[in-house]
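Residue numbers (the numbering used here): 2 to 265. Since the structure comes first, as structure tokens, the remarks are kept for the end.
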């Protein structure tokens, strides 16, 4: 049954009148305005990760547009990995808990076989603490210097070999209560834990990659010499509406693994 727009779900008219609610200009194509309304519902948790969204027919009735317009909006959201179409079952909110999504942000793959055959990395949480954002971290996460953050460091190992050293910074308010024990005990992908426990879904990320030499502490943690070249990967991950929610700096060993990315 088609549902009527509610105060928490803006109408097409309100999207046209005030772009601030969904960040959609009034002159954008109609399907883009519908896309903005669907994004608004995703951002405000009307449909949770893994849940089915209303049918195209119901959404068309809700927004008073054609099914074709809704379909085009959903096509774009599916192409951006925000929604997942399942033949004969409907359209679902994408989730990092799904196996086909788990490896979307993992680009380090073994030289032989693939990441799925290798299985998940073994995690060693070195620290997870509350801190105050330094100026550079605050700038990246769109915070103020001194704002509360969660700072974590961990090692990811494959077959007992430490392969990735990660430093992670998260906004303190959004991830209040996160502990080292929680990070260590959760068996699924970390981004799935962020979804389930904190309602934060990472929808895209930007990365900077360069070759570096480790300092003495980094070399010791990764069990390599100080002359071993490592891959430095700095990632800034965003939730809906391009809100930065995670800064991650990682060092990758590449003696048995390599960085793989598919371009299209």
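Even for Gly, the Cβ is constructed at its ideal location relative to N, Cα and C.
For the options 72, 39 and 205, the alpha carbon positioned closest to that of residue 247 is the one of 205.
With a beta-carbon spacing of about 13 Å, residue 178 and residue 150 fall beyond the 8 Å limit used to define contacts. Shown here, residue 152 sits in a strand according to DSSP, grouped into three states. By the C-beta criterion, the segment 154-164 is judged not to be in contact with the segment 134-145, since fewer than 3 inter-stretch pairs fall below 8 Å. Note on geometry: alpha-carbon atoms of residue 250 and residue 191 lie some 15 Å from one another. According to the DSSP assignment, residue 246 belongs to the beta strand (DSSP E) that extends over 244-253.
Residue 236 is bridged by DSSP to 208 and 249. Residues of the same chain with a CB within less than 7 Å of the CB of residue 39, apart from the 5 flanking positions on each side, are 74 and 78 in chain order. Within the same chain, 226, 227 and 229 come within 8 Å of residue 220 by CB-CB distance, once the 5 residues on both sides are set aside. Across the structure, residue 125 and residue 166 are spaced so that their CA atoms are roughly 10 Å apart. Taking a contact as a CB-CB distance under 8 Å, the pair residue 203 and residue 238 counts as one, their CB atoms being some 4 Å apart. Boundaries of the beta strand (DSSP E) around residue 130: 123-133.
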